[in-house]
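One structure is given below, encoded as structure tokens.
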Amino acid sequence: MMHLKPSPSVSILMSVYNGAAYLWTSLSAICDQDRFPDEIILVDDGSTDNTLKVMESFQREFPQIKIIKNKKNLGLVPSINKALRKARGDYIVWCAADDFLLPNFLKRSLEVLEGFPPVGLCFSQFAIFVDDPLAQQKTLRLYNSQKMGKAFDLGDKPHYLSPEKLFNRLRSSYLWVSGNTALVRRDSLIEIGGFPEGLAWHADWFSFYIIALKYGICMIPEYLTLMREVPKSYSRNGMNHKQSQVKILTELLRSIFSDEMRDVSHIFKKRLCLFTPFNFEYILCAMLKERHYILALRHTIFILRERLILYSRLFRARMKKYR
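For the sequence shown, the residue numbers in our numbering are 1443 to 1765.
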């Protein structure tokens, strides 16, 4: 008698604070998945708008939805960790209230994972839905290697990068792992302690990168989700504020070089491209603040060399144009 392998279970986690304006669209996309999630855990983080009413309206139709009500606002990452502790799925998706999952996101991600060794997570191509209230038309911004460089090069078909191959890949360029596209193993996430609450808007990608460096990662060169870009998003507000950003990056460095991360901290020292997504001035301030003087010097040399290479290419291209 043939025994069919059970499909892995999936938990979608979402924390919302006064996000009723976009929540209906986001939950509709989740509930319209070709492969329905096994559970959806929603956290109302002390909202004062209609967030809870929207959640409850979906819960009446979809019993897979569980709602956690925070009596006061705890913050995004603590609330997501609260949902993570309640989750029972084999895989976790951290979905923001203003993100949008395309219908085949879960089905396609699980299909790819089944074809590879047990890995920490998979992720897909990055795309942004620009929601500018002043614009007459909404625009879609697609990130790929042709438009944005090697950091967004996911190849031409799904494939697996072992920790060793990922380490080698990072020798030449950063690999952009966008948190809104990730499907991650719950046990791997629990093993590293969940999402570090001191890292705020950097908590998702940092945790996912640690898991990838430990257990490997699957890359899917397809667009399966959309990130909504709004003028005053949580991450954008934080990253544009120098004092807050330096504070969080200082905490990031402490996490990287803590005893708990000693099995991967050497990778950050050897692969300086892992620091390139940050504003150079901000990360340099954080390095000096934490007295990582050698690292700060090496990173400065690395950035200057990369910029010199870029300017050299631009100069040669311009000279070629005028010949």
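Think of the CB as a built atom: it goes at the ideal place given N, C-alpha and C, for glycine as much as any other residue.
{"Check": "Neighbourhood of PRO1638 by C-beta, 6 Å cutoff - its chain only, sequence neighbours within 5 removed", "Outcome": "ALA1645, SER1697"}
{"Check": "Backbone CA spacing between TYR1665 and SER1566 [nearest angstrom]", "Outcome": "6 Å"}
{"Check": "Helix, strand or coil at TYR1401 [DSSP, three-state]", "Outcome": "Any question about residue 1401 goes unanswered here, given that the chain covers just 1443 to 1765."}
{"Check": "Candidates ASP1701, LEU1617, TYR1753, of which the one nearest ARG1713 by Cα", "Outcome": "LEU1617"}
{"Check": "Given GLU1723 as reference, the closest of PRO1663, PRO1520, GLN1687 once Cα atoms are compared", "Outcome": "GLN1687"}
{"Check": "Exposure of THR1581, with buried meaning 16 or more beta-carbon neighbours within 10 Å", "Outcome": "exposed"}
{"Check": "Validate contact between the stretch 1493-1510 and the stretch 1464-1476 using beta carbons, cut 8 Å, 3 pairs", "Outcome": "yes"}
{"Check": "Between the CA atoms of ARG1502 and PHE1720 - distance to the nearest angstrom", "Outcome": "43 Å"}
{"Check": "Extent of the continuous alpha helix (DSSP H) to which SER1457 belongs", "Outcome": "Per DSSP, SER1457 belongs to no alpha helix (DSSP H); it is in the beta strand (DSSP E), 1452-1458."}
{"Check": "Among SER1449, ASP1487, TRP1466, the one whose alpha carbon lies nearest that of TYR1459", "Outcome": "ASP1487"}
{"Check": "Three CB pairs or more closer than 8 Å across the stretch 1647-1659 and the stretch 1517-1535", "Outcome": "no"}
{"Check": "Own chain residues within Cβ distance below 7 Å of ARG1740, not counting five before or after", "Outcome": "LEU1714"}
{"Check": "Length at least 4, wholly inside the stretch 1694-1749: the alpha helix (DSSP H) runs in chain order", "Outcome": "1704-1712, 1722-1731"}
{"Check": "ASP1573 (DSSP reduced to helix, strand or coil)", "Outcome": "coil"}
{"Check": "Within 8 Å, strictly: CB atoms of ARG1670 and ASP1491", "Outcome": "no"}
{"Check": "Proximal residues to ILE1634 (C-beta, below 7 Å), its chain only, five neighbours per side dropped", "Outcome": "SER1649, ILE1652, ILE1653"}
{"Check": "Proximity of LYS1781 and PRO1663 at Cβ, strictly below 8 Å", "Outcome": "For the chain, the structure presents residues 1443 to 1765; residue 1781 sits outside this window and is missing."}
{"Check": "Bridge partners - TYR1665, DSSP secondary structure assignment", "Outcome": "GLN1567"}
{"Check": "ILE1634 - DSSP class collapsed to helix/strand/coil", "Outcome": "coil"}
{"Check": "Pick from ARG1583, LEU1563, CYS1564, PRO1560 that is closest to PHE1571, judged by C-alpha positions", "Outcome": "ARG1583"}
{"Check": "For TYR1585, three-class secondary structure by DSSP", "Outcome": "coil"}
{"Check": "Option in ASN1622, PHE1609, TRP1647, ILE1690 with minimal Cα separation from LEU1641", "Outcome": "ILE1690"}
{"Check": "Three-way DSSP call (helix, strand, coil) for LEU1603 in this model", "Outcome": "strand"}
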